[in-house]
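Throughout the sequence shown, residue numbering follows my numbering, covering 1 to 291 in sequence.
A short write-up of the structure that comes next.
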Amino acid sequence: MAEAPDFEVDFQIPDPRLEGLVSGYHRYAVTLPAGHIHRDIFFPAWANIRFLVEGDFWRVRIGEKHFDVPRAALFGPSSHAGFSESGTGVMVGAGITPLGWYRLTRRYASDFADRIVPLDTLLADTAAFWDAAQAPAEQLKAGLDSLFLRLLGSPRGDEVRVARLHAELMEPAAGGVADLGERLGISQRTLNRVAKAAFGFGPKLLIRRARFLRSLLALRDAPSESWASRIESSYYDHSHFNRDAQEFLGMSPGEFLRMAKPLNDASARLRARILGQPAQALLTPRLTGNA
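This is the structure:
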């Protein structure tokens, strides 16, 4: 049965040298009466690595796909909300930006889109990450910083395209994919390749996902105002916005705003205060290194 959890949520900012590569570290601790299940929802996001440090189970549905989450897991970039079921436990994670993914691996992010797989599917040596995740909370940042600084210390030569595309996606702009390619000065073929390699999806979906999340969170921040005054002007009407809600959330905006989602609500508030945005997919990147 559902039960309001006793929970702790914490976010930490990575080492400044990881800015633009790792979006932040997170730790969730949930305590429930025996036999109770906590259900919540999390937003579409970039990739994350996550560790179920304590707890018997964690199940997640993304779109129509159901996953029993491994104890050391890679969450690929997602175009649908994640619906979570768990008992008492502790989860530790780190968000990987598109540029971070591009530097971490030559594998396409699209190969992992809307999927949850064992972390060793991507990283050969996960033992050090597991050790860092199990460390006391006050040592979490230092351990993860050390690992990511080693893994992400060597830039790729063409990272500027990834960083510029990310920055463009975070800004509401007129026009569609063709205009985006023109602003970046690259062909549609190159734009699509870069988008799928680093971001996990084609540019059209990325534009729509960012627009939807900005509009949804604007509505949540001002529930007494009309939807027309809060959602972006590129939406033709309410039904257009609602269709995106059905695609990205699997429900109407009103259903989402009314549903009980204590960890989502607490996470969004704390993430905004510490990391700068209520959702990982809306963090504005800063150009770093050779990008």
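Think of the CB as a built atom: it goes at the ideal place given N, C-alpha and C, for glycine as much as any other residue.
Of A279, R106, A29, the smallest CA-CA separation from V92 is found for A29. Inclusion of T88 and G55 in the CB contact set at 8 Å is warranted, their separation being smaller than that value. In this structure, N192 and D40 do not form a Cβ contact; the two beta carbons are roughly 34 Å apart against a cut-off of 8 Å. Rounded to the nearest angstrom, the Cβ distance from S79 to D114 is 6 Å, consistent with a contact under 8 Å. Each residue's CA atom was taken as its position, placing D6 and S86 some 13 Å apart.
With at least 16 other beta carbons inside 10 angstroms of its own, L140 counts as buried. Judged by DSSP secondary structure, P253 falls within the alpha helix (DSSP H) whose first and last residues are 253-258.
Looking at the backbone, the Cα of F112 and that of G202 are separated by about 13 Å. In the three-state reduction of the DSSP assignment, S215 falls in the helix class, which pools H, G and I.
In the DSSP annotation of this structure, the continuous segment of the beta strand (DSSP E) that includes P118 starts and ends at 116-118. Check the Cα spacing between S233 and each of P77, P172, V194, G20: the tightest is with P172. D237 and R208 do not touch by the CB rule: their CB atoms are close to 16 Å apart, not below 8 Å. In this structure, K196 sits away from A281, with a CB-CB distance that is not shorter than 8 Å. If one requires a minimum length of 4 residues, the alpha helix (DSSP H) runs lying completely within the stretch 47-129 are 98-104, in chain order. Residue pairing of F42 in beta bridges, as defined by DSSP: G82. Taking C-alpha positions only, G95 is separated from G200 by approximately 14 Å.
Between the beta-carbon of L152 and that of R103 there is about 5 Å, and that keeps the pair under the 8 Å contact cut. Distance from the CA of P77 to the CA of G35, rounded to the nearest whole angstrom, comes to 31 Å. For the 8 Å CB-CB criterion, G250 and K204 do not form a contact.
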